[in-house]
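Heads up: the sequence shown begins at 1 in the numbering used here, then just goes up one per residue. From the three backbone atoms N, C-alpha and C, an ideal C-beta is built for every residue, glycine too. It should be emphasised that the depicted structure is a prediction, and the values quoted were computed from it without experimental measurement. As structure tokens, the structure follows; a few thoughts come after it.
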Amino acid sequence: MNKCRFCGSVLELTFVDLGMSPLCESYLNENELNRVEPFYPLHLYVCENCFLVQLQEYVDPEEIFTEYAYFSSYSQSWLEHAKRYSENMVKRFKINQNSFVVEIASNDGYLLQNFIENKIPVLGIEPAANVAKVAMEKNINTMVEFFSEKLAEEIIKNNEKADLIIGNNVLAQVPDLNDFIKGVKTLLAPNGIITFEFPHLMHLVKQRQFDTIYHEHFSYFSFYTIEKIFSYHGLKIFDVEELKTHGGSLRIYGCHIEDSTKLISKNVDRLRNNEIVEGISKVEYYTNFQEEIFALKREILDFFIKAKEKNKIICGYGAPGKGNTLLNFCGIRTDFLEFTVDRNPYKQGKFLPGTHIPIYSPEKIAERKPDYIFILPWNLKDEIINQLSFTGKWGAKFIIPIPKIEII
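Laid out in structure tokens, this is it:
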């Protein structure tokens with residue numbers, strides 16, 4: 001029986017069903033194209049008790065994350081976001097050389113390197129060995145492990161408790177949510193701070209961001225639900241920021257419930273009230289999303305069909321996980337999208353899962369001179385359009401698929 005990973009209630013209400021899809025980061029080599037490729041359901045449920053939107057755990061996290069294709073450092077805007085965050089933590093919470101900073105899912109060290117520059121002791125926890133290796137080459141102390149309550153206890157034996165625990169876009173990727181939050185509670189110093197960033201469910205619904213749904217993302221959070229989860233585990237959220245990253249994210253600031261040094265910001269009440277007004281604590285809020293997504297699929301395919309009937313050349317930019325959800329759900333293969341490009345050398349020369357669209361280096365765009373460039377990481381559209389300004393020489397246009405098809 002399918003049960004809620006937070007409260008244990010039986011899951012019966014569908015949020016959205018995107019059919020069968022491959023693992024979004026399982027890029028293929030040429031010699032793998034004729035092999036059987038596993039597809040798994042992308043069927044999201046919503047818990048009618050706590051309103052956690054969630055995907056069943058179809059695949060062991062070790063299969064997804066042990067060898068990983070996502071490196072944070074290939075996005076300039078994300079590096080700048082991390083630098084601003086680090087500066088803010090140092091200034092606002094007096095994080096200094098006597099502090100201990102732990103980042104869960106620290107990737108290639110893109111964020112912790114900013115603390116290292118200020119000689120602040122850090123520890124990264126990153127399960128993907130190939131990505132963690134890059135961090136270690138930057139002299140960032142990194143454990144190649146999945147975070148858990150047990151690991152938190154091991155860290156405390158060898159280090160002090162953490163003054164700052166960071167988790168950017170990791171909370172969604174945790175199948176055992178309660179064990180993970182218990183571990184955070186265990187590791188946190190008495191007056192320590194937690195910050196987590198994650199895509200905001202309200203933006204996913206409002207902006208029809210169905211492509212942010214994939215097998216790595218087990219849970220999708222509203223502020224309403226994450227506050228319940230924190231409170232259950234003896235943690236309180238004392239501040240929250242709404243960010244533009246990843247199409248609309250939240251950054252929550254947490255601490256121990258018994259920590260009286262942190263006053264609760266007006267932002268907390270404001271956001272909680274906004275969500276309740278939107279209807280996030282009512283079942284009806286979750287029942288229209290499926291039809292919205294079917295409508296968007298038709299809009300996207302209508303554009304592609306009309307463009308190809310005019311013999312237009314269309315290529316992609318980027319090979320992100322979200323792009324693979326979109327392409328597989330819409331049935332877009334090389335008959336519509338000739339190829340895509342990506343700055344990450346790890347992906348170049350490979351093929352997208354499911355659709356088998358080839359991935360080249362960005363130089364391919366100047367060589368092929370497409371009429372349209374389909375921006376798959378649409379959350380970085382400004383950065384990408386700026387990088388590709390040279391395509392104006394031959395009149396190329398950009399396609400943005402979310403929240404509706406837009407031609408720039």
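- Counting along the chain, no beta strand (DSSP E) covers Gly183; the unbroken alpha helix (DSSP H) around it starts and ends at Leu177 to Leu187.
- With contacts defined by Cβ atoms closer than 7 Å, Ser260 and Asp239 do not form a contacting pair.
- Around the C-beta of Glu103, 16 or more other C-beta atoms lie within 10 Å, and the residue is accordingly described as buried.
- Proximity to Asp163 across Val10, Phe115 and Arg368 peaks at Phe115, based on C-alpha coordinates.
- Closest option to His217, judged by alpha-carbon separation, among Phe51, Asn273, Lys91 and Pro175: Pro175.
- Burial is judged here by how many other beta carbons sit within 10 angstroms of a residue's own beta carbon; Gln113 has at least 16 and is buried.
- Taking every protein chain shown into account, the CB of Asp269 has fewer than 16 other CB atoms within 10 angstroms, so this residue is exposed.
- Considering only Cys315, Leu13 and Asn178, the residue with the shortest C-alpha distance to Lys150 is Asn178.
- Cβ-Cβ separation between Ile314 and Tyr360: approximately 14 Å, too far for a contact (criterion under 8 Å).
- Linking Phe390 to Lys381 through their CA atoms gives a straight-line distance of about 15 Å.
- Here Phe221 is near Phe198, since their CB atoms are less than 7 Å apart.
- Within the same chain, Cβ atoms closer than 6 Å to the Cβ of Leu327 are found at Thr355, the five residues on either side in sequence being excluded.
- Taking all protein chains shown into account, Leu33 has fewer than 16 neighbouring C-beta atoms within 10 Å of its C-beta and is therefore exposed.
- One Cα belongs to Phe336, the other to Gly349, and the distance between them is close to 19 Å.
- The region 29 to 46 and the region 86 to 96 do not touch, with fewer than three beta-carbon pairs separated by less than 8 Å.
- In this structure Glu48 is in contact with Leu13, their Cβ atoms being roughly 6 Å apart against a cut-off of 8 Å.
- Taking a C-beta distance under 7 Å as the contact criterion, Cys330 and Lys297 qualify as a contact pair.
- As DSSP reads the structure, Asn118 sits in no beta bridge.
- In the DSSP assignment, Asp108 forms no beta bridge with any residue.
- Nearest C-alpha to Phe15 among Glu25, Ile293, Arg5 and Asn169: Ile293.
- Taken through DSSP and simplified to helix, strand or coil, Cys4 comes out as coil.
- Taking the C-beta atoms as reference points, Tyr224 is found nearer than 7 Å to Ser281.
- For Leu271, no beta strand (DSSP E) segment is defined; the enclosing uninterrupted segment is the alpha helix (DSSP H) at Lys266 to Glu278.
- Rounded to whole angstroms, the Cβ separation of Glu126 and Asn139 is 15 Å, and the two are not in contact under 8 Å.
- Judged by beta-carbon spacing, Gly247 lies within the 7 Å limit of Asn379, meaning their Cβ atoms are closer than that value.
- Taking one beta carbon from each stretch, the region 318 to 326 and the region 23 to 31 have 3 or more pairs nearer than 8 Å; the two touch.
- A distance below 8 Å between beta-carbons, with the five flanking residues on each side excluded, links Arg272 to the following residues of its chain, in chain order: Phe223, Tyr224 and Glu227.
- Straight across, the Cα-Cα distance linking Val170 with Lys310 is about 43 Å.
- Ranking Pro38, Asn31, Phe6 and Leu55 by CA distance to the CA of Leu18 puts Leu55 first.
- Rounded to whole angstroms, the separation of the alpha carbons of Ala82 and Val101 is 14 Å.
- In this model, Asn288 and Leu52 are separated by some 16 Å (Cα to Cα).
- Here Thr334 is actually not in contact with Ile365; their C-beta atoms are around 16 Å apart, not less than 8 Å.
- Taken in chain order, the complete alpha helix (DSSP H) segments of 4 or more residues contained in the region 276 to 353 are 289 to 309 and 321 to 330.
- For Leu188, the CB contacts under 7 Å within the same chain, skipping 5 residues up- and downstream, are Lys161, Ala162, Ile165, Ile194 and His256 in chain order.
- For Asp382, the three-state secondary structure derived from DSSP is helix.
- Listed as beta-bridge partners of Lys236 by DSSP are Cys255.
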